[in-house]
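**Student:** This structure is in structure tokens; I'll ask about it shortly.
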């Protein structure tokens, strides 16, 4: 019945019978293999307006000024369903994140809400993302909703500059972008930024995939476009298969049976 297909705010009749079969355009896998990054959009795969609503109750980031954030550790079970692994802090070693407020620290955040995690389009996104990167059952997947809002100008990376996140699989999707100029994404072969690879600006629903162990990335400053209205830019960050020994130590401590990418 047509009304049933609109239960979650979007028309599921436009989706394939098995969303994992063709969730991503064919070129995404090829581009990742050839150039270590790819960009596409998911505006026909999820209810973007509904996802935007979940940015309204994000707690303030206790470590970074003018940023809001939730995060959870997820994994696929043996049946391919998405489950919440439970609590574990974020940990990034200074070799990957040299921002003074974040490097070599354990950071604790409120989890993604159950209402968000249980949405069918959220679960489909996580399953399809894991399939794209060949993430197996019980491999920890970190999923965040994070972003900035306010007035004037702000560095969305809060001092991280050109950096890597310490993993092999990383994707960034813009959820909302309002009254913003700037926030262009830059990819580089080297941390010094002398070998640029690409520059893209993501609109809501656009997603950037990159092999984080092969490329470095940065984001331009955000500037308020109309001085009479505040700006906001919120994103989904999802990553897995960590190469950061600090994060892997903390993951092993909290999830002793997890499948980790340990040297």
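Numbering (this note's numbering), first residue to last: 4 to 266.
Just so it is clear, CB atoms sit at the ideal spot from N, CA and C, and this is done for glycine as well.
Secondary structure at residue 207, three-state DSSP: helix, strand or coil?
**Tutor:** Coil, per DSSP.
**Student:** For residue 45, which of helix, strand or coil comes out of DSSP?
**Tutor:** Residue state, collapsed to three classes: coil.
**Student:** Please report the straight-line C-alpha distance between residue 144 and residue 170, rounded to a whole angstrom.
**Tutor:** Their backbone Cα atoms lie some 10 Å apart in a straight line.
**Student:** Provide the residue(s) that pair with residue 199 in DSSP beta bridges, ordered along the chain.
**Tutor:** BP columns for residue 199 point to 191.
**Student:** Taking the DSSP output, what are the residues bridged to residue 71?
**Tutor:** In DSSP, residue 71 forms a bridge with 63 and 150.
**Student:** Apart from the five residues just before and just after residue 255, which ones in its own chain have a Cβ nearer than 6 Å to its Cβ?
**Tutor:** Closer than 6 Å at Cβ, skipping near neighbours: no residue.
**Student:** Are the stretch 137-155 and the stretch 79-94 touching by the rule of at least three beta carbon pairs closer than 8 Å?
**Tutor:** Yes, since at least three Cβ pairs between the stretch 137-155 and the stretch 79-94 fall closer than 8 Å, the two stretches touch.
**Student:** Check whether the stretch 197-208 touches the stretch 245-263, taking contact to mean three or more Cβ pairs, one atom from each stretch, closer than 8 Å.
**Tutor:** No: fewer than three Cβ pairs fall under 8 Å.
**Student:** Among residues of its own chain, excluding the 5 on either side of residue 181, which ones have a beta-carbon nearer than 7 Å to its beta-carbon?
**Tutor:** Taken in chain order, the residues that qualify are 234 and 235.
**Student:** Rounded to whole angstroms, how far is the Cβ of residue 156 from the Cβ of residue 227, which I believe are closer than 8 Å?
**Tutor:** Residue 156 to residue 227, Cβ: 7 Å. Contact.
**Student:** Can you tell me the Cβ-Cβ gap for residue 88 and residue 112, rounded? I've got them flagged as a contact below 8 Å.
**Tutor:** Wrong, their Cβ atoms sit about 14 Å apart, outside the cutoff.
**Student:** Can you name, in chain order, every residue of its own chain whose Cβ lies under 6 Å from the Cβ of residue 215, other than the five neighbours on each side?
**Tutor:** Around residue 215: 167, 168, 170 and 173.
**Student:** Roughly how many angstroms separate the alpha carbons of residue 91 and residue 253, rounded to a whole number?
**Tutor:** For residue 91 and residue 253, the distance between alpha carbons rounds to 7 Å.
**Student:** Can you tell which of 40, 58, 193 and 187 has the C-alpha that lies nearest to the C-alpha of residue 74?
**Tutor:** Of the listed residues, the one whose Cα sits closest to residue 74 is 58.
**Student:** So the alpha helix (DSSP H) residue 35 belongs to, where does it begin and stop?
**Tutor:** First-last of the alpha helix (DSSP H) with residue 35: 29-38.
**Student:** What residue from 44, 154, 192 and 209 has the CA that sits closest to residue 184's CA?
**Tutor:** For residue 184, the nearest C-alpha among the options comes from 154.
**Student:** What are the boundary residues of the alpha helix (DSSP H) that residue 186 is part of?
**Tutor:** Looking at the DSSP string, residue 186 is not in any alpha helix (DSSP H), and its letter there is neither H nor E.
**Student:** Please identify the residue among 45, 62 and 193 whose C-alpha is closest to the C-alpha of residue 129.
**Tutor:** For the residues 45, 62 and 193, the minimum Cα distance to residue 129 belongs to 45.
**Student:** Kindly identify the DSSP beta-bridge partner or partners of residue 242.
**Tutor:** 145 and 173, per the DSSP bridge assignment.
**Student:** When the distance is taken between beta carbons, is residue 35 closer than 7 Å to residue 41?
**Tutor:** A contact, by the Cβ cut-off of 7 Å.
**Student:** What's the C-alpha gap between residue 268 and residue 66?
**Tutor:** This structure gives no information on residue 268, because the portion of the chain shown stretches from 4 to 266.
**Student:** Can you tell me whether DSSP reads residue 51 as helix, strand or coil?
**Tutor:** Three-state result, residue 51: helix.
**Student:** Between the Cα of residue 178 and those of 263, 198 and 147, spot the shortest distance and give me the residue it belongs to.
**Tutor:** Selected option, being the one with the closest Cα: 147.
**Student:** Using the DSSP secondary-structure output, state which residues sit across from residue 155 in a beta bridge.
**Tutor:** None, per the DSSP bridge assignment.
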